[in-house]
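Peer 1: The following block contains the structure, expressed as structure tokens.
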Amino acid sequence: MHPAATDTTRGTVIRADRLAFHPEGPCQVACAVGPHLGARTIRLDVVRIPAGATWKRPSGTAEENVAVVFQGTGQATSGRHRRPIAAADAVYAPTGDDCELTADRDAPLTAYVWTSRLLPGRPRATAPRRFTSLWDTTAQLTGFTGTGQAAPPARTATMNFLFWPGTGSPQLCLHCGVMQPGEYFSVHVHPHSEEAFIAFEGSGQLHLDGRWIDAEAGDVLYAPPGVPHGTRHPAQDAAAPRFVTCGGPTPFDPMLYERAGLSSEVI
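Heads up, the sequence shown is in the UniProt record's numbering, so the first residue is 1 and it goes up one at a time.
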């Protein structure tokens, strides 16, 4: 496969083993996507929390946070709301609310955290969804054939909508793509959104600007506005483990919800 891009104006793939961590209190944090890649609306951090420790991101009046547990168990707080969490659980902290993650006493916790400053004019929900799981199938996109940058595949993957306008998220979103062997989430572009997503489970390939790149769990893709991207599970063995990704465009792209026959109005 081709190596990851070095010209970050066209996006890049960041390998999990190449992340540079720095201390933040008792925790270790690596900025995978942010201004160093030219990102203007999205930041994606990887947070390692030691057993029994707490990581907290205070939210400003115009900032949203979404956290996905990659490994471990613990507790999550979104504003005044608190829940137990485990791998594949997700937390949304709307503007003005803190996002806090605490690892259980017997093991560390690793989470990926998306952060965005709310753009002017974005509405705010009064009772947004705060907790969910990557496996929530309540709202989905199936049969997605892309936006014309590549020929549509024969087998399309399924995308779960987890945090999106229909759950009260005005800008940040979280989607989960579940691919069985031979399935694609078709190549597409977001004209006005930055895309940041991770390979969450299994092995597969990420498309970035005309290239397919091998990916393992923990790897990150960043695509600026207008840069083609997608995912696929190229395995030929039908019994191979699934390939799962999660993340999404920021600000959310109404096109995805329109393709699913859903409203993109914030509720």
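Just so you know, even glycine gets a beta-carbon here, dropped at the ideal spot from N, CA and C. All values reported here derive from a predicted model rather than from experimental measurement.
Which residues in the same chain have their Cβ closer than 6 Å to the Cβ of Thr6, if we skip the five residues on either side of it in sequence?
Peer 2: Position 6 of the sequence shown, counted from the start, is the residue given in the question as residue 6. With a pLDDT of 49 at Thr6, under the threshold of 50, the predicted position of this residue should be treated as unreliable, though the coordinate-derived value follows. So the list is empty, once near-sequence residues are dropped.
Peer 1: Looking at the secondary structure, which residues open and close the alpha helix (DSSP H) in which Ala10 lies?
Peer 2: The residue labelled residue 10 in the question sits at position 10 within the sequence shown. The residue you asked about is not Ala; residue 10 is Arg in the sequence shown. Counting along the chain, Arg10 falls outside any alpha helix (DSSP H), and DSSP gives it neither H nor E.
Peer 1: Mapping the DSSP letters down to three states, classify Ala84 as helix, strand or coil.
Peer 2: Here residue 84 corresponds to residue number 84 of the sequence shown, with the count starting at 1. Correcting the residue identity first, residue 84 is Pro in this sequence and not Ala. Three-state result, Pro84: strand.
Peer 1: Return the CA-CA distance between Thr231 and Asp253, expressed in angstroms with no decimal places.
Peer 2: Sequence index remark: in the sequence shown, residue 231 carries index 231 (1-based). Sequence index remark: in the sequence shown, residue 253 carries index 253 (1-based). Answer to the nearest angstrom: the Cα atoms are 17 Å apart.
Peer 1: Let me confirm a value: Ser169 is counted as buried when at least 16 other C-beta atoms fall within 10 Å, else exposed. Which label applies?
Peer 2: As a working note, residue 169 is residue 169 in the sequence shown. Under this definition Ser169 is a buried residue.
Peer 1: Applying the criterion that 16 or more other CB atoms from any shown protein chain within 10 Å of the CB defines a buried residue, is Phe21 buried or exposed?
Peer 2: As a first step, residue 21 is located in the sequence shown; it is residue number 21 there, counting from the start. With a threshold of 16 other beta carbon atoms within 10 Å, Phe21 falls short and is exposed.
Peer 1: Quick one: Cα of Ala260 to Cα of Gly166, how far?
Peer 2: Here residue 260 refers to the residue found at position 260 of the sequence shown. Here residue 166 refers to the residue found at position 166 of the sequence shown. Whole-angstrom Cα-Cα distance: 12 Å.
Peer 1: Near Val136, which residues of its chain fall below 7 Å by C-beta distance, leaving aside the five closest residues on each side in sequence?
Peer 2: Within the sequence shown, numbered from 1, the residue matching residue 136 stands at position 136. Looking at the sequence provided, one finds Asp at residue 136 rather than Val. For Asp136, where only same-chain residues beyond five positions count, the Cβ hits under 7 Å are Asn160, Leu162.
Peer 1: CB-CB under 6 Å to Met1, same chain, minus the five flanking residues each way: which ones, in chain order?
Peer 2: Working through the sequence shown from its first residue, we reach residue 1 at position 1. Residue confidence is low: Met1 scores 35 on pLDDT, short of 50, so the model does not pin down where it sits. Its coordinate-derived value is still stated next. Around Met1: Ile213, Asp214.
Peer 1: Which residue marks the beginning of the beta strand (DSSP E) containing Leu262, and which one marks its end?
Peer 2: One-based indexing of the sequence shown puts residue 262 at position 262. Careful: Leu262 lies outside any beta strand (DSSP E) and carries neither H nor E.
Peer 1: Leaving aside the five residues before and after Pro128 along the sequence, list all residues of the same chain whose C-beta is less than 7 Å from its C-beta, in chain order.
Peer 2: Working through the sequence shown from its first residue, we reach residue 128 at position 128. The beta carbon of Pro128 sits closer than 7 Å to those of Tyr92, Pro94, Thr167, Gly168, Ser169, all from its chain and outside the five residues before and after it, given in chain order.
Peer 1: In angstroms with no decimal places, state the Cα-to-Cα distance between Ala240 and Gln205.
Peer 2: As a position in the sequence shown, residue 240 is number 240, starting the count at 1. As a position in the sequence shown, residue 205 is number 205, starting the count at 1. The straight-line gap from Cα to Cα measures roughly 14 Å.
Peer 1: Three or more beta-carbon pairs under 8 Å between the segment 243-252 and the segment 183-197, yes or no?
Peer 2: yes
Peer 1: For Leu119, does the count of other Cβ atoms within 10 angstroms reach 16, so buried, or fall short, so exposed?
Peer 2: The residue you call residue 119 lines up with position 119 of the sequence shown. Exposed, by the Cβ-count rule.
Peer 1: Where does the unbroken beta strand (DSSP E) through Trp135 begin, and where does it stop?
Peer 2: Residue mapping note: residue 135 aligns to position 135 of the sequence shown, counting from 1. Careful: Trp135 lies outside any beta strand (DSSP E) and carries neither H nor E.
Peer 1: In angstroms with no decimal places, state the Cα-to-Cα distance between Asp209 and Ala157.
Peer 2: Position 209 of the sequence shown, counted from the start, is the residue given in the question as residue 209. Position 157 of the sequence shown, counted from the start, is the residue given in the question as residue 157. Roughly 20 Å between the two C-alpha positions.
Peer 1: Pro181 and Ala238: beta carbons closer than 8 Å?
Peer 2: Locating residue 181 in the sequence shown gives position 181, where the first residue counts as 1. Locating residue 238 in the sequence shown gives position 238, where the first residue counts as 1. For Pro181 and Ala238, yes; Cβs fall inside 8 Å.
Peer 1: Using alpha carbons as the reference points, say which of Ala139, Ala150, Gln149, Ile267 lies closest to Gly177.
Peer 2: Position 177 of the sequence shown, counted from the first residue, corresponds to residue 177. Nearest option by C-alpha distance: Ala139.
Peer 1: What ranges does the beta strand (DSSP E) occupy inside the segment 180-258, keeping only unbroken runs of at least 3 residues that lie completely in it?
Peer 2: 184-188, 194-201, 203-208, 211-216, 220-223, 229-232, 243-250
Peer 1: Determine the closest residue to Ala111 out of Arg105, Arg155, Glu100, with distance taken between C-alpha atoms.
Peer 2: Against the sequence shown, residue 111 aligns to sequence position 111. Ranking the options by Cα distance to Ala111, first place goes to Glu100.
Peer 1: Could you tell me if His207 is buried or exposed, where buried requires 16 or more neighbouring beta carbons within 10 angstroms of its beta carbon?
Peer 2: Translated into positions along the sequence shown, residue 207 becomes position 207. The residue in question, His207, is buried, as its Cβ has 16 or more Cβ neighbours within 10 Å.
Peer 1: Taking the continuous beta strand (DSSP E) assigned at Ala76, which residues delimit it?
Peer 2: Sequence index remark: in the sequence shown, residue 76 carries index 76 (1-based). Here the beta strand (DSSP E) through Ala76 covers 74-78.
Peer 1: Please report the residue range of the beta strand (DSSP E) in which Ile49 lies.
Peer 2: Taking the first residue of the sequence shown as 1, we reach residue 49 at position 49. 43-49 is the extent of the beta strand (DSSP E) around Ile49.
Peer 1: Threshold first: 4 residues or longer. Then list the alpha helix (DSSP H) segments lying entirely within the segment 90-156, N to C.
Peer 2: Complete alpha helix (DSSP H) runs here, min 4: none at all.
Peer 1: From Ile85 to Ala107, what distance separates their C-alpha atoms?
Peer 2: What you label residue 85 is simply residue 85 of the sequence shown in a count that begins at 1. What you label residue 107 is simply residue 107 of the sequence shown in a count that begins at 1. Cα to Cα, the separation comes out at about 13 Å.
Peer 1: Determine the direct distance from the alpha carbon of Val13 to that of Arg211, and round the result to whole angstroms.
Peer 2: Against the sequence shown, residue 211 aligns to sequence position 211. Against the sequence shown, residue 13 aligns to sequence position 13. Rounded to whole angstroms, the separation of the alpha carbons of Val13 and Arg211 is 11 Å.
Peer 1: Is the beta carbon of Ala90 closer than 8 Å to that of Val68?
Peer 2: For this step, residue 68 is matched to residue 68 along the sequence shown. For this step, residue 90 is matched to residue 90 along the sequence shown. Yes, these two residues count as a Cβ contact at 8 Å.
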